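Q:
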Amino acid sequence: MYLDHFGLKTAPFSITPASRFFYSGAGRGKVLDALLYAASRGDGLIKVTSEVGSGKTMLCRMMIEQLPSWLESIYLPNPAASREELISAVADELGISTSGLLPPRILKAVQDRLIEKYAKGVRVVVILDEAHAMPCEALEELRLLYNLESGSE
Numbered sequence: 042m043y044l045d046h047f048g049l050k051t052a053p054f055s056i057t058p059a060s061r062f063f064y065s066g067a068g069r070g071k072v073l074d075a076l077l078y079a080a081s082r083g084d085g086l087i088k089v090t091s092e093v094g095s096g097k098t099m100l101c102r103m104m105i106e107q108l109p110s111w112l113e114s115i116y117l118p119n120p121a122a123s124r125e126e127l128i129s130a131v132a133d134e135l136g137i138s139t140s141g142l143l144p145p146r147i148l149k150a151v152q153d154r155l156i157e158k159y160a161k162g163v164r165v166v167v168i169l170d171e172a173h174a175m176p177c178e179a180l181e182e183l184r185l186l187y188n189l190e191s192g193s194e
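And the structure:
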């Protein structure tokens with residue numbers, strides 16, 4: 042009904058945001074630029090907070106679309122998971138088979154894969170949507186992964 046009223050061809054709002062409807066006004070474009078800049082510099086953990094429905098998920102999607110080719114993204118839309126589940130999800134996104142592996146082995150495989158990618162000039166960016174729902178232990182595990190030593194950096 043409102044499509045005809047406003048002359049729209051498709052519904053602009055849905056449960057899953059479509060990046061083609063990204064509105065860069067009201068500071069959103071500047072926030073996206075800042076996120077891309079920080080990710081490309083390897084600035085570490087970055088937190089974006091705002092009201093429900095203000096476009097944080099859309100920012101995540103836009104960031105993924107606009108990352109430079111040497112930055113690989115891992116997007117976890119619902120990361121409310123234990124430490125082990127988080128590491129398993131990251132491993133899965135990195136293409137690591139975790140079948141039959143205990144958590145310490147999964148963590149080691151993730152660390153090895155990250156170092157391997159680093160050696161090839163590829164950096165990995167983990168994007169968590171709804172990170173506030175994560176247990177503190179899972180966030181700490183992610184922080185430890187970020188601090189992974191890679192030799193010169």
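The sequence shown begins at 42 in the working numbering and counts up one residue at a time.
Glycine included, each C-beta is placed from N, C-alpha and C at the ideal position.
Given the structure is predicted, the values throughout are model-derived calculations rather than measurements.
Any idea if residue 106 is buried or exposed, counting beta-carbon neighbours within 10 angstroms, 16 or more meaning buried?
A: Here residue 106 refers to the residue found at position 65 when the sequence shown is read from its first residue. Classification of residue 106: exposed, given that the 10 Å Cβ count is below 16.
Q: My understanding is that residue 72 touches residue 100, with C-beta atoms under 8 Å, so please give their C-beta distance in whole angstroms.
A: Here residue 72 is taken as the residue at index 31 of the sequence shown, counted from 1. Here residue 100 is taken as the residue at index 59 of the sequence shown, counted from 1. So it is a contact: roughly 6 Å between Cβ atoms.
Q: In this structure, what does DSSP give as the bridge partners for residue 168?
A: Position 127 of the sequence shown, counted from the first residue, corresponds to residue 168. In the DSSP output, where bridge partners are listed per residue, residue 168 has 116.
Q: Classify residue 49 as helix, strand or coil using the three-state DSSP reduction.
A: Here the question's residue 49 lines up with position 8 in the sequence shown. In this structure, residue 49 counts as coil in the three-state DSSP scheme.
Q: Closest by CA to residue 77, which one among 54, 62, 110, 55?
A: Translated into positions along the sequence shown, residue 77 becomes position 36. Of 54, 62, 110, 55, the residue nearest in Cα terms is 110.
Q: Roughly how many whole angstroms lie between the Cα atoms of residue 158 and residue 48?
A: Stepping through the sequence shown from its first residue, residue 158 is reached at position 117. Stepping through the sequence shown from its first residue, residue 48 is reached at position 7. Distance between the alpha carbons of residue 158 and residue 48 is about 48 Å.
Q: Would you check if there are 3 or more beta carbon pairs closer than 8 Å linking the segment 114-131 to the segment 88-96?
A: Contact fails: fewer than three Cβ-Cβ distances are below 8 Å.
Q: Taking its Cβ as the centre, do 16 or more other Cβ atoms sit within 10 Å of residue 117, making it buried, or is it exposed?
A: To locate residue 117, count along the sequence shown from 1; it is residue 76. Buried, by the Cβ-count rule.
Q: Buried or exposed: residue 193, going by 16 or more other Cβ atoms within 10 Å of its Cβ?
A: Working through the sequence shown from its first residue, we reach residue 193 at position 152. Confidence in residue 193 is poor, its pLDDT being 49 and thus under 50, which makes the residue's placement unreliable; the coordinate value appears in the next sentence. Flag for residue 193 reads exposed.
Q: If you measure between the beta carbons of residue 103 and residue 63, is that distance less than 9 Å?
A: The residue given as residue 103 occupies position 62 in the sequence shown. The residue given as residue 63 occupies position 22 in the sequence shown. Their beta carbons are under 9 Å apart, which means residue 103 touches residue 63 by this criterion.
Q: Buried or exposed: which applies to residue 169, given that a residue is buried once 16 or more other Cβ atoms fall within 10 Å of its Cβ?
A: Reading the sequence shown from its first residue, position 128 is the one you call residue 169. Classification of residue 169: buried, given that the 10 Å Cβ count is 16 or more.
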